[in-house]
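Structure record follows, encoded as C-alpha cells.
In the working numbering, the protein residues as written are 4 to 90.
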C-alpha cells in the first residue's frame, strides 16, 4: 500500500503505541493520583498499563506487549534508578 507507515518497533502498519498510547496515558494520569509510594509507582503503573493494553487489544488479560508499547511505557514511566542516573 502506497504511503503506508510501518512501525519501527512492532513492525505493524498501525503502531500499537500510536493507537492505544493516548488512552494508556489518560489511565496513568488517574492512577498516579491513587498511588502513594513514589518509589514503586512507575513499575506499578507500567504493569497495570501493560495489562490494560493487552485487554484493549485482545480482550484477554495475558499476552505479550509489542516493543513500541513497552518503549512508550518505559519512556513515560521510567524506573527511578534510570531517572536518577539522568540527573
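In this text, a Cβ means the ideal position worked out from N, Cα and C, and glycines have one as well.
If you draw a straight line from the Cα of residue 82 to the Cα of residue 48, it comes to about 11 Å. Counting along the chain, residue 20 sits inside the alpha helix (DSSP H) bounded by residues 19-37.
Under the criterion of beta carbons closer than 8 Å, residue 76 and residue 55 do not qualify as touching, at roughly 11 Å.
Taken through DSSP and simplified to helix, strand or coil, residue 45 comes out as helix. Counting every other CB atom within 10 Å of its CB across the protein chains shown gives residue 31 a total of 16 or more, marking it as buried. Excluding five sequence positions before and after residue 35, the CB atoms of its chain that fall closer than 8 Å to its own CB belong to 44 and 48, given in chain order.
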